[in-house]
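Asks: Encoded as C-alpha cells, here's the structure I'll be asking about.
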Amino acid sequence: MKVYFVSDGTAITAEVFGSAMLSFFDVKIETVSVPFLTTLDKANGLSKQINDEIASGSQSLVFYTIADSEIRDVIQSCDSHCYNLFGDLLSPIEKALGVPALPTAQKAHGIKEGVYDGRIDAINYALANDDGCSMKSFDEAHVILLGVSRSGKTPTSLYLAMQYGIKAANYPLTEDDFDPLKLPKELKEQKKKLYGLTIEANRLHEIRTGRMASSKYASLRQCRYELSEVETLYRKERIPFLNSTRLSVEEISTKIMADMQLERHRV
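Be aware that the sequence shown starts at -10, since it is given in this note's numbering, and climbs by one per residue.
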C-alpha cells in the first residue's frame, strides 16, 4: 500500500495527521511526501501518476491539505482514496468561532513573528550545551537533562528545541560523579531544572556495542553498574527521571514537558 502526503505547503501537517491515523492499522505501507503542490500542472501530473499506478494494480491512499479549490478538486478526483484533512474540521470550527476560515497556502507552517527566531536560538543553545560542553550558561536553560552516555539526552534536547523552542542543556553522568555519589556544584545550583533519563541495561549494551564493540564502555556489566549508580543518584537527589527504553523521542519530550511544566513555544 502506497500512501501519499500531499500539500501546498511543507506537507508536515499531512504527514503527522495521516501517520497518526495509519498507526491504528497493522499494515505495511510505503510513504511518499509531495510538498509545495501549488499549480494545476503539478496536480494533474500527480493525479495521472496515481491513476497509472492504480491501473497497474497498485493500491494507494492520499492525505492532503490544500487551500486552492481547483487544485484540491484535481487531487480529490483521482482514482485513489483521498482524504481532505481540513475539510471535515473547518466547518464546525467556523460555527464555533463565529468567523469564516481563510485558508492560505503554507499558513499552517509559516514563520510567525518571534517564534522562529526563538526556536533557532533554542537549537543553537542545545548544540552549545550538549554533553556537558559548557556549564556556564546553565542558568539560561529551561531544562537540564541528565543520564549516562547513550541514554537519549542529545536527541531529546534537540527535539525539545526544534519542536517547542525549549532551551535544553544536557550533562553526561560518569564514574567521576558516582564516587562520591553526588552532583557537580554547577548542577546543584540548577537543581529545579534537572531531569534524568535512564534505560534498560541490555538496550544500552546494544547501543554502545554498535558504537564501540568489545570495550569496557559497551560491556553489559559496565552498563548495569552505571545505570544502577545513576538511578541511585536520582533517588538520592530527588530528581525526576524517566526510562526511555520503549519510548520515542516524541514521547520522552512530551513527558518531560508535562513533568517539568514547561511552556510550549510553537504557536
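For glycine and all other residues, C-beta sits at the position ideal for the given N, C-alpha and C. Since we're looking at a predicted model, the values are computed, not measured.
Do L170 and L222 have their C-beta atoms closer together than 8 Å?
Replies: yes
Asks: Assign H70 to one of three DSSP states: helix, strand, or coil.
Replies: In this structure, H70 counts as strand in the three-state DSSP scheme.
Asks: Comparing C-alpha positions only, which one of N33, S80, A3, K225 sits nearest to I60?
Replies: N33
Asks: With a cut-off of 8 Å, do at least 3 Cβ pairs link the stretch 67 to 83 to the stretch 14 to 29?
Replies: These segments do not touch.
Asks: Exposed or buried, which one is G46 when buried takes at least 16 other CB atoms within 10 Å?
Replies: exposed
Asks: Pick from Q48, A9, D57, A44: whose alpha carbon is nearest that of G(-2)?
Replies: D57
Asks: Please report the Cβ distance between L147 and A190, rounded to the nearest whole angstrom; I am assuming they are in contact, meaning their Cβ atoms lie under 8 Å.
Replies: About 25 Å separates the two Cβ atoms, so there is no contact after all.
Asks: Taking contact to mean 3 or more Cβ pairs, one atom from each stretch, closer than 8 Å, check whether the stretch 0 to 11 and the stretch 34 to 43 are in contact.
Replies: no
Asks: Would you say Y153 and I133 are within 8 Å of each other, going by their C-beta atoms?
Replies: no
Asks: Please indicate yes or no: does the CB of P89 lie closer than 7 Å to some heavy atom of the ligand PLP?
Replies: Looking for the ligand PLP in the displayed structure turns up nothing, as the structure carries no ligands at all.
Asks: Check the DSSP bridge columns for Y160 and list the partner residues they point to.
Replies: In the DSSP output, where bridge partners are listed per residue, Y160 has L135.
Asks: Between which two residues does the beta strand (DSSP E) holding E19 run?
Replies: 19 to 23
Asks: Where does Y184 sit, in a helix, a strand or coil, going by DSSP?
Replies: strand
Asks: Does L236 have its Cβ less than 8 Å from a Cβ in chain C?
Replies: Structure shown: chain C not included; a single protein chain is present.
Asks: Taking the alpha carbon of C71 as the reference point, which residue from R139, Y(-7), E42 has its own alpha carbon closest?
Replies: Y(-7)
Asks: Tell me, which residues are paired with T54 by DSSP?
Replies: S(-4)
Asks: Counting along the chain, where does the alpha helix (DSSP H) carrying N33 start and finish?
Replies: 29 to 44
Asks: Would you kindly work out how many angstroms separate the C-alpha atoms of I155 and T2, rounded to a whole number?
Replies: 21 Å
Asks: Which residue wins for smallest C-alpha separation from E226, given the options L74, E42, F167, D62?
Replies: F167
Asks: Buried or exposed, going by whether 16 or more other CB atoms sit within 10 Å of the CB of K125?
Replies: With fewer than 16 other Cβ atoms within 10 Å, it is exposed.
Asks: Between R200 and S208, what straight-line distance do the alpha-carbon atoms span, to the nearest angstrom?
Replies: 12 Å
Asks: Along the chain, where does the alpha helix (DSSP H) that runs through L86 open and close?
Replies: 76 to 86
Asks: In the structure shown, what three-state DSSP assignment does F230 receive?
Replies: It is a strand residue.
Asks: Going by CA-CA distance only, name the one from T187, V51, F127 that's closest to E4.
Replies: Per the Cα distances, V51.
Asks: Indicate the three-state DSSP secondary structure (helix, strand or coil) for S146 in the structure shown.
Replies: helix
Asks: Using a threshold of 8 Å, state whether the C-beta atoms of R224 and C212 are closer than that.
Replies: no
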